[in-house]
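**Q** Here's a structure for you.
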């Protein structure tokens with residue numbers, strides 16, 4: 002099955018993303034020091050700098066997981082590996098993809114404009130929806146997605162838990 006980081010490694014990587022985001026917000030310069038970005042040292046220059054984009058956590062649940070369980074173990078493992086490979090192709094440098102259960106992936110993004118979240122969700126859904134060939138059969142799967150953005154005082158665990166709660170809401174559970 003897919004060899005992806007688990008929850009503790011994801012939390013550690015998201016902690017780094019949160020620190021970077023907080024430093025960027027405090028400096029008002031997307032993480033650059035006044036020496037590296039002289040405009041940030043000026044109150045006028047700093048006011049024209051964009052706000053740093055917050056990290057986000059996506060919880061991705063395979064809605065049709067029961068269909069995979071009905072396959073033989075090798076077919077199920079191949080399907081999970083294929084889904085992981087497809088999701089990994091969407092991951093940008095600085096982001097992290099992990100798996101916390103056979104039917105649940107987590108994606109931590111280093112910076113995400115809230116206005117772009119829907120596009121990312123569509124890309125995730127589209128990547129998984131393309132038919133998989135399993136034991137000679139074409140199988141299409143659906144995913145449900147939960148999302149949580151960083152907020153002041155957020156911990157990695159709070160973000161991951163919020164994304165999982167949102168996923169459960171989208172599944173209707």
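In our numbering, the protein residues as written are 2 to 174. Yeah, the Cβ is synthetic: ideal placement off N, Cα and C, and Gly gets one too. The model shown is predicted, which means the values in this text are computed figures rather than measured ones.
1. Within the same chain, show all residues whose beta-carbon is closer than 7 angstroms to that of residue 12, passing over the 5 residues directly before and after it, in chain order.
2. Could you name the residues of the same chain whose beta carbon sits closer than 7 angstroms to that of residue 154, not counting the 5 residues immediately before and after it, in chain order?
3. If you draw a straight line from the alpha carbon of residue 111 to that of residue 6, how long is it in whole angstroms?
4. Among 150, 166, 23, 125, which one has its Cα closest to the Cα of residue 86?
5. Near residue 171, which residues of its chain fall below 7 angstroms by C-beta distance, leaving aside the five closest residues on each side in sequence?
6. Would you say the region 72-80 touches the region 18-26, given that touching needs at least three Cβ pairs under 8 angstroms?
7. Measuring CB to CB, does residue 63 end up less than 7 angstroms from residue 104?
8. Buried or exposed for residue 119, please, with buried defined as at least 16 other CB atoms from any protein chain shown within 10 angstroms of its CB.
9. How far does the beta strand (DSSP E) with residue 107 in it extend, from its first residue to its last?
10. Let me confirm a value: residue 9 is counted as buried when at least 16 other C-beta atoms fall within 10 Å, else exposed. Which label applies?
**A** From the atom records:
1. 157, 158, 161
2. none
3. 16 angstroms
4. 125
5. 145, 146, 147
6. no
7. yes
8. exposed
9. 105-110
10. exposed
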